[in-house]
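Engineer: Sequential numbering of the sequence shown, starting at 1195, is according to the numbering used here. We put the beta carbon where it would ideally sit given N, CA and C, even for glycine. None of the values given here were measured: they were computed from a predicted structure. Could you have a look at this structure, given as structure tokens, before my questions?
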Amino acid sequence: MKLAEEMSAQYDRDGFILVPGVFSHSELASIKAALAEDVTVKGPHLITEDDGETMRAVYASHTRHPLFRDLITSERLLGPAMQLVAQDLYVHQFKINTKRPFGGESWAWHQDYPVWRDADRMPEPRAVNVAVFLDDVTEFNGPVVFLRGSHQLGSEASRRREGDQADEHIDPHDYALSTTDLSRLAGVHEMTSPKGPAGTVVFFHPEIMHGSAPNISPFPRDLLIATYNASTNAPRPLGEPRPEYLVGRDTTPLVPHARLLETVETTMTGAGA
Ligand code: HL5
Ligand code: SIN
Ligand code: MN
């Protein structure tokens, strides 16, 4: 899959683009089945909501499950990602944010790159997030909201909050934009939330400001996000790096393939499998 010139120009201007119909119903069923298998593996890569029990996110499924391993090199994701960053890429981070029906919690307004800059010493924002809708995303189930074009502002101003500092998973809450900044920015950068059926893909810039509301609907909102980083832009931590489930260490350039996802045999490897 190659993005039309207008699409990559739109990405540069808006900081995101939406591509509908990337995965078929049967591929989505395979992805959902793989997710159900993967969440049976316990460990620190499972992030919970404030109740300490309900799942909020699962990280690094591509290191445990063959279907996700295959997914990250699908040319439908990796091809456009390589085109947008114009570099060879590897997976810096892989997560599925599982916003549950009736109460899946919000994600605070933030930019991604400052987290990776400060926590991991990623040199530059030469990366792209690829979000795959595993469920239909509507105005009701807590879609990601972007401030259109806000990636162009850079991320000098984003700093971590004082207080309790987690040294593994960092919740966007710790990097939340101030209400003063948001009020000002939202006057200039339109708030917009790309929506669409399951199988839609959104490519978004690591410096775009984004957040999402709680899910008050009866429908889930599982959102898979693979962050591809330029192989020449790998983090250079001074001390102990964050765990590998958060920060990919294999920076070998990925090679795209054109297979369908159904053809993958779903046998898990790794802890607990
Ligand atoms: N949770 C991620 C991390 O690297 C950072 C957030 O949306 C990605 C900002 O710990
Ligand atoms: C969300 O899942 O709504 C937040 C996504 C993100 O912060 O990247
Ligand atoms: Mn984010």
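Answer with yes or no whether the minimum CB distance from Gly1343 to chain B is below 8 Å.
Structural biologist: Within the model displayed, chain B is absent; a lone protein chain is all it includes.
Engineer: Quick check: is any heavy atom of the ligand HL5 less than 7 Å from the C-beta of Asp1232?
Structural biologist: Residue 1232 sits at position 38 when you count from the first residue of the sequence shown. No, Cβ of Asp1232 sits at least 7 Å from all heavy atoms of the ligand HL5.
Engineer: Give the straight-line distance between the Cα atoms of Asp1306 and Ser1352, rounded to the nearest whole angstrom.
Structural biologist: Translated into positions along the sequence shown, residue 1306 becomes position 112. Translated into positions along the sequence shown, residue 1352 becomes position 158. Spanning the two alpha carbons is a distance of roughly 10 Å.
Engineer: What whole-angstrom Cβ distance do Asp1312 and Pro1431 have, given they're in contact under 8 Å?
Structural biologist: Sequence index remark: in the sequence shown, residue 1312 carries index 118 (1-based). Sequence index remark: in the sequence shown, residue 1431 carries index 237 (1-based). No, Asp1312 and Pro1431 are not in contact; Cβ-Cβ is about 11 Å, not under 8 Å.
Engineer: So, using beta-carbon positions, are Pro1435 and Val1441 closer together than 8 Å?
Structural biologist: Within the sequence shown, numbered from 1, the residue matching residue 1435 stands at position 241. Within the sequence shown, numbered from 1, the residue matching residue 1441 stands at position 247. Yes, these two residues count as a Cβ contact at 8 Å.
Engineer: Starting from the Cα of His1256, find the closest Cα among Gly1433, Pro1429, Thr1426, Tyr1422 and give me that residue.
Structural biologist: Numbered from its first residue, the sequence shown carries residue 1256 at position 62. When the alpha-carbon of His1256 is set against those of Gly1433, Pro1429, Thr1426, Tyr1422, the nearest one is in Tyr1422.
Engineer: Determine the burial state of Glu1438: buried for a count of at least 16 other Cβ atoms within 10 Å of its Cβ, exposed for fewer.
Structural biologist: As a working mapping, residue 1438 is identified with position 244 in the sequence shown. It is exposed - the Cβ of Glu1438 has fewer than 16 other Cβ atoms within 10 Å.
Engineer: In whole angstroms, what is the alpha-carbon distance linking Val1324 and Phe1397?
Structural biologist: Taking the sequence shown and counting its residues from 1, one reaches residue 1324 at position 130. Taking the sequence shown and counting its residues from 1, one reaches residue 1397 at position 203. Cα-Cα distance, rounded: 5 Å.
Engineer: At a cut-off of 7 Å, is Pro1366 close to the ligand MN when judged by its beta-carbon and the heavy atoms of the ligand?
Structural biologist: Position 172 of the sequence shown, counted from the start, is the residue given in the question as residue 1366. Yes.
Engineer: Compute the distance between the beta-carbons of Pro1414 and Lys1293, then report whether it is under 8 Å.
Structural biologist: Here the question's residue 1414 lines up with position 220 in the sequence shown. Here the question's residue 1293 lines up with position 99 in the sequence shown. It is a contact, given that the beta carbons lie within the stated cut-off.
Engineer: Ignoring anything shorter than 3 residues, give me the beta strand (DSSP E) runs that lie fully in the region 1265-1322, in order along the chain.
Structural biologist: 1283-1293, 1301-1304
Engineer: Could you tell me the distance, in whole angstroms, from the CA atom of Met1201 to the CA atom of Ile1211?
Structural biologist: Locating residue 1201 in the sequence shown gives position 7, where the first residue counts as 1. Locating residue 1211 in the sequence shown gives position 17, where the first residue counts as 1. Taking the straight line from one Cα to the other gives about 7 Å.
Engineer: Which residues in the same chain as Ser1489 place their Cβ atom closer than 6 Å to its Cβ, once the five residues preceding and following it in sequence are excluded?
Structural biologist: Because residue 1489 is not part of the residues shown, which for the chain are 1195 to 1467, the question remains open.
Engineer: Spatial neighbours of Ile1241 within its chain, please: CB distance less than 6 Å, with the 5 preceding and 5 following residues excluded, ordered by chain position.
Structural biologist: Here residue 1241 is taken as the residue at index 47 of the sequence shown, counted from 1. Hits under 6 Å: Arg1250, Ala1251, His1363.
Engineer: From Leu1371 to Lys1389, what does the alpha carbon distance come to, in whole angstroms?
Structural biologist: Here residue 1371 is taken as the residue at index 177 of the sequence shown, counted from 1. Here residue 1389 is taken as the residue at index 195 of the sequence shown, counted from 1. Using only the alpha carbons, I get a separation of about 23 Å.
Engineer: Can you name the residues that DSSP bridges to Phe1327?
Structural biologist: Position 133 of the sequence shown holds residue 1327. In DSSP, Phe1327 forms a bridge with Leu1417.
Engineer: Run through DSSP, which three-state label would Asn1427 get?
Structural biologist: If you number the sequence shown from 1, residue 1427 lands on position 233. In the structure shown, Asn1427 sits in a helix (DSSP, three-state: H, G or I).
Engineer: Over what stretch of residues does the beta strand (DSSP E) that includes Ala1251 continue unbroken?
Structural biologist: Position 57 of the sequence shown, counting from 1, holds the residue named residue 1251. First-last of the beta strand (DSSP E) with Ala1251: 1249-1253.
Engineer: What's the gap between the Cα of Glu1401 and the Cα of Ser1349?
Structural biologist: Looking up residue 1401 in the sequence shown gives position 207. Looking up residue 1349 in the sequence shown gives position 155. When rounded, the distance between both Cα atoms is 6 Å.
Engineer: Would you list the residues sitting across from Met1385 in a DSSP beta bridge?
Structural biologist: The count along the sequence shown starts at 1 and reaches residue 1385 at position 191. Met1385 is bridged to Leu1341.
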